[in-house]
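In what follows, a structure is listed as structure tokens, so that the remarks can point back to it.
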Amino acid sequence: MNDSQNGKNGNQEEAVKPKDMDPKDLPQVPAFQDEKTREYMASTKEVEPGYYLLESKLKGFTMLFPEDGKYDDNLSSLGKDEEIISFYSYDEKTNVSLNASVEYYLNQSFINNPNEMLEQVREENGYKGQFEKFQEKDKDIYFAYMKTVHDDTNQKNNETHSYIGYINKQNYVGIQFTFDFTCLKSSKPCSLDVDSAEKKAKKLVKSIVFLTGKEK
9 MNDSQNGKNG NQEEAVKPKD MDPKDLPQVP AFQDEKTREY MASTKEVEPG
59 YYLLESKLKG FTMLFPEDGK YDDNLSSLGK DEEIISFYSY DEKTNVSLNA
109 SVEYYLNQSF INNPNEMLEQ VREENGYKGQ FEKFQEKDKD IYFAYMKTVH
159 DDTNQKNNET HSYIGYINKQ NYVGIQFTFD FTCLKSSKPC SLDVDSAEKK
209 AKKLVKSIVF LTGKEK
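9 is the number of the first residue of the sequence shown in the numbering used here; add one for each residue after it.
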């Protein structure tokens, strides 16, 4: 998603916001049928098949949001200069679940220090490797993959595939992110494809558009 797409889909005002609409008039998908989640939906228009537009409550950023995603109230928080949006989704066909956390920081000096931020990401995730760095318009993205094997479970599917990192924009604005993919139900076949998971994680990360400094 680029800025023109965001402007077309995200900044176009609707007469009534999704959170104020009757659920019967909203798309019949979890992102809108779940009361807490629809508070973050910027529009009922699909940005692309299977994805809508999420806008943070601080109006700091927008990003693609999967139609089967649900906001996780227990792992989210909202402050004056920071906002953590956690959500999860589950694909019945593949038996693959996604647990995600996107942490937005505003006016924080540490967010402009790549070395400090990457060490924080490493420490929080027990990761010792390097990060891939790529640029997307006005932001730098640091992205890494790690696999965790859970030896303390007897389940057949005992691996978590994680995509972690952070996004840096100038003016002391940035985001730290985690996307965890797992096979949810041990009693069902699971088709967790690591390449597909990475593609989805990168799609979500690259779709993030910072609104700071723009007219809202």
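Heads up, the beta-carbon is just placed ideally off N, CA and C, and yes, glycines get one too. Note that the structure is a prediction, hence the values are computed from the model and not measured.
Cβ pair residue i, residue j closer than 8 Å
i, j, result
"S97", "D76", "yes"
"D81", "K44", "yes"
"M71", "L219", "no"
"T190", "S64", "no"
"Y153", "K141", "no"
"E144", "K214", "yes"
"Q184", "E111", "yes"
"K147", "I175", "yes"
"P38", "K78", "yes"
"F139", "G87", "no"
Three-state secondary structure assigned by DSSP to residue i
i, result
"P26", "helix"
"T45", "helix"
"P35", "coil"
"N19", "Only weak support is given to the placement of N19: the predicted model assigns it a pLDDT of 44, under 50, and the question is left unresolved by the model."
Sequence-distant residues of the same chain with beta carbon closer than 6 Å to residue i, five excluded per side
i, result
"S85", "I92"
"T102", "S199"
"E8", "Only positions 9 to 224 of the chain appear in this structure, which leaves residue 8 out of reach."
"S109", "S94 and T186"
"T168", "T156, D188 and T190"
"N107", "Y96 and D188"
"L83", "S94"
Own chain residues within Cβ distance below 8 Å of residue i, not counting five before or after
i, result
"Q116", "D89, E90, Y180 and G182"
"D11", "Unreliable positioning characterises D11 in this predicted model, as indicated by a pLDDT of 44, which lies under 50. A coordinate reading is not provided."
"L34", "P26, F40, Q41, R46 and T52"
"K16", "Any reading at K16 must be qualified, since the residue scores a pLDDT of 42, below 50, and its modelled position is unreliable; the value itself is stated next. No residues qualify anywhere along the chain."
"Y279", "In the structure as shown, the chain starts at 9 and stops at 224, and residue 279 therefore has no counterpart that could be examined."
"D159", "N166"
7 Å Cβ shell around residue i - same chain, five flanking residues per side excluded
i, result
"K177", "D146, K147 and F218"
"A209", "Y171 and F187"
"V202", "H169"
"A50", "G18, L61, L62, E63 and T70"
Mind listing, in chain order, the continuous alpha helix (DSSP H) runs of no fewer than 4 residues lying wholly within the stretch 167-219?
Whole alpha helix (DSSP H) segments, 4+ residues: 202-214.
In chain order, which beta strand (DSSP E) runs of at least 3 residues are fully inside the stretch 78-166? Counting only runs of 3 or more, we get 90-99, 104-114, 140-144 and 147-157.
Check whether the stretch 126-138 and the stretch 194-207 are in contact - that is, three or more C-beta pairs closer than 8 Å.
The answer is no - the stretch 194-207 does not touch the stretch 126-138, with fewer than three Cβ pairs under 8 Å.
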